[in-house]
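Notes follow the structure.
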Amino acid sequence: MRNYKLAAIPGDGIGPEVIDAGIEVLKALQACRGDFQISVQHFDWGSDYYRRNGRMMPENGLDQIRNMDAIYFGSAGDPDVPDHITLWGLRLAICQGFDQYANVRPARVLPGVSCPLAGYGPGDFDWVIVRENSEGEYAGVGGRAHQGHDAEVGMDVAVFTRSGVERIARFAFDLARTRPRKLLTMVTKSNAQRHGMVMWDSVFEKVRPDYPDVTMDKMLVDAMTTRMVLNPKSIDVVVASNLHADVLSDLAAALSGSLGIAPTANLNPGGNFPSMFEPIHGSAFDIMGKGVANPIGSFWSAVMMLEHLGEKAAAARLMTAIERVTAAGDAMPADLGGTATTGDVTAAVIAAINQENE
Ligand code: ATP
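The numbering used here puts the first residue of the sequence shown at 171, with every later residue one more than the last.
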């Protein structure tokens with residue numbers, strides 16, 4: 171029996187609701203397959219922890235989860251705690267501390283879900299957005315000076331290293347190579363950002379000949395938003411810097427029907443550290459505690475986690491169950507136009523998992 175250690179960090183807002191639902195689904199999957207076991211350890215880190223302790227996680231937090239097989243993360247964000255504290259103190263501390271340099275975000279319209287783009291629906295597009303997740307605009311380099319005076323200045327410096335760009339380029343080409351269309355769109359803004367982004371372009375051009383079977387094209391990020399809306403079928407794998415891909419993937423999630431569906435994986439591809447899986451949405455305080463959060467983003471993140479762990483059959487079974495539930499349409503949460511609660515969606519997905527046995 172394969173045994174996996176999972177660190178659950180539900181975090182803030184609706185994070186605990188969707189992570190609890192995800193763990194329920196994982197337990198159901200484990201029970202019906204019987205060939206692997208997931209031992210979950212919970213960590214109460216986040217904004218409440220910050221209020222009690224003055225930090226988002228303990229000083230030795232990374233050491234506490236270093237030996238886990240995977241991390242299942244909810245969200246970090248709180249109306250009363252500044253965003254830069256919640257983000258840097260937990261999520262980015264884990265992503266950067268564990269060198270999870272490849273952030274992978276699939277986007278497609280699931281069966282039964284309506285696409286906000288007129289004339290498009292399930293099966294019409296199938297994208298994977300690869301986000302550079304360790305440097306760029308999120309390098310944390312910069313500073314403030316002359317605070318409180320007229321001359322006050324605030325600077326954020328985007329840092330692009332040749333090795334950082336090359337490894338994300340190779341990751342994206344390798345991923346594109348595994349997909350039927352083998353298309354890679356490299357997104358940049360090298361007309362305006364004429365140093366780091368020009369280097370980004372040149373590194374991709376240098377790597378490109380190693381992947382003759384992959385077709386690469388290049389887009390400026392502003393033009394990419396238009397292409398996603400006007401010509402979604404022309405896109406397969408997209409790779410972009412930390413900030414650009416963050417923005418593009420929210421657009422991709424919205425085009426897939428709702429932010430509540432979209433999953434993401436923060437990967438340390440070499441396997442030196444655990445990788446982290448999370449729904450793309452944030453803490454959504456407006457719906458917290460109402461039991462209406464859509465758990466599908468959390469379930470789909472669990473699919474990505476199972477794939478990463480090598481449990482391909484279990485991953486496929488969970489994805490099929492999710493798609494059966496959305497296709498049937500009788501357990502749709504509010505953000506997808508239905509009235510189902512988080513618990514209803516969870517129960518429906520568990521029933522669909524068990525049905526596959528019969
Ligand atoms: P944060 O500051 O943590 O990023 P946020 O509330 O600004 O959080 P999101 O949580 O990403 O941003 O969500 C924006 C809106 O989308 C929410 O207000 C909520 O109405 C909706 N939403 C997000 N996730 C879900 C979900 N899982 N189910 C239902 N609605 C959701």
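Even for Gly, the Cβ is constructed at its ideal location relative to N, Cα and C.
Compute every distance between the C-beta of residue i and the non-hydrogen atoms of the ligand ATP, then say whether any falls below 6 Å.
{"i": "residue 429", "result": "yes"}
{"i": "residue 239", "result": "no"}
{"i": "residue 451", "result": "yes"}
{"i": "residue 454", "result": "yes"}
{"i": "residue 230", "result": "no"}
{"i": "residue 247", "result": "yes"}
{"i": "residue 191", "result": "no"}
{"i": "residue 436", "result": "no"}
{"i": "residue 518", "result": "no"}
{"i": "residue 424", "result": "no"}
{"i": "residue 177", "result": "no"}
{"i": "residue 510", "result": "no"}
{"i": "residue 464", "result": "yes"}
{"i": "residue 505", "result": "yes"}
Which residue comes first and which comes last in the alpha helix (DSSP H) that contains residue i?
{"i": "residue 186", "result": "185-203"}
{"i": "residue 525", "result": "512-525"}
{"i": "residue 290", "result": "Run containing residue 290: none; DSSP gives neither H nor E here."}
{"i": "residue 347", "result": "332-347"}
{"i": "residue 401", "result": "Counting along the chain, residue 401 falls outside any alpha helix (DSSP H), and DSSP gives it neither H nor E."}
{"i": "residue 542", "result": "This structure gives no information on residue 542, because the portion of the chain shown stretches from 171 to 528."}
{"i": "residue 253", "result": "253-256"}
{"i": "residue 492", "result": "482-498"}
{"i": "residue 505", "result": "Neither: residue 505 is in no alpha helix (DSSP H) and is coded neither H nor E."}
{"i": "residue 366", "result": "366-377"}
Judging by CA-CA distance, which residue of the options is the nearest neighbour of residue i?
{"i": "residue 396", "options": "177, 453, 425", "result": "425"}
{"i": "residue 496", "options": "483, 479, 516, 481", "result": "516"}
{"i": "residue 178", "options": "243, 261, 171, 337", "result": "243"}
{"i": "residue 238", "options": "438, 189, 343", "result": "438"}
{"i": "residue 470", "options": "313, 288, 344, 450", "result": "450"}
{"i": "residue 336", "options": "382, 369, 363, 443", "result": "369"}
{"i": "residue 350", "options": "287, 229, 405", "result": "405"}
{"i": "residue 210", "options": "290, 196, 375", "result": "196"}
{"i": "residue 139", "options": "494, 498, 477, 241", "result": "Outside the modelled stretch of the chain, which goes from 171 to 528, sits residue 139, for which no answer is possible."}
{"i": "residue 282", "options": "506, 523, 454", "result": "506"}
{"i": "residue 347", "options": "380, 229, 234, 493", "result": "380"}
{"i": "residue 218", "options": "461, 372, 256", "result": "256"}
{"i": "residue 175", "options": "192, 206, 189", "result": "206"}
{"i": "residue 313", "options": "327, 319, 508", "result": "327"}
{"i": "residue 172", "options": "200, 293, 340", "result": "200"}
{"i": "residue 441", "options": "473, 480, 420", "result": "480"}
{"i": "residue 461", "options": "510, 435, 375, 236", "result": "510"}
{"i": "residue 222", "options": "373, 251, 475", "result": "251"}
If I measure Cβ to Cβ from residue i and keep anything under 6 Å in the same chain, skipping five residues before and after, which residues do I get?
{"i": "residue 514", "result": "501"}
{"i": "residue 452", "result": "245, 247"}
{"i": "residue 329", "result": "305, 309, 311"}
{"i": "residue 388", "result": "356"}
{"i": "residue 413", "result": "307"}
{"i": "residue 198", "result": "520, 523"}
{"i": "residue 322", "result": "316"}
{"i": "residue 518", "result": "495, 501"}
{"i": "residue 360", "result": "367, 368, 371"}
{"i": "residue 384", "result": "343, 346, 347, 352, 354"}
{"i": "residue 431", "result": "466, 467"}
{"i": "residue 187", "result": "463, 512"}
Over the uninterrupted beta strand (DSSP E) stretch that includes residue i, give me the two end residues.
{"i": "residue 308", "result": "306-315"}
{"i": "residue 352", "result": "First-last for residue 352: undefined, no H or E at that position."}
{"i": "residue 179", "result": "172-181"}
{"i": "residue 223", "result": "Unbroken run through residue 223 is the alpha helix (DSSP H), 217-223; no beta strand (DSSP E)."}
{"i": "residue 272", "result": "272-278"}
{"i": "residue 409", "result": "407-410"}
{"i": "residue 359", "result": "Here residue 359 belongs to no beta strand (DSSP E), and DSSP marks it neither H nor E."}
{"i": "residue 448", "result": "445-449"}
{"i": "residue 227", "result": "Careful: residue 227 lies outside any beta strand (DSSP E) and carries neither H nor E."}
{"i": "residue 478", "result": "That residue, residue 478, is in no beta strand (DSSP E); its alpha helix (DSSP H) goes 466-479."}
{"i": "residue 206", "result": "206-212"}
{"i": "residue 433", "result": "433-437"}
Please go through the same chain and pick out, in chain order, the residues whose beta-carbon is closer than 7 Å to the beta-carbon of residue i, but skip the five residues on each side of it.
{"i": "residue 212", "result": "178"}
{"i": "residue 253", "result": "247"}
{"i": "residue 399", "result": "287"}
{"i": "residue 342", "result": "300, 354, 407, 409"}
{"i": "residue 225", "result": "259"}
{"i": "residue 455", "result": "183, 249"}
The ligand GDP heavy atoms versus the CB of residue i: any closer than 6 Å?
{"i": "residue 223", "result": "In the structure on display, the ligand GDP does not appear, and the ligands it does have are the ligand ATP."}
Residues in the same chain with beta-carbon distance under 8 Å from residue i, minus the five sequence neighbours each way, listed in chain order, please.
{"i": "residue 418", "result": "299, 357, 391, 394, 395, 398, 408, 410"}
{"i": "residue 427", "result": "279, 280, 283, 284, 285, 286, 506"}
{"i": "residue 415", "result": "273, 275, 299, 300, 301, 302, 357, 408, 409"}
{"i": "residue 215", "result": "179, 181, 226, 227, 228, 231, 260"}
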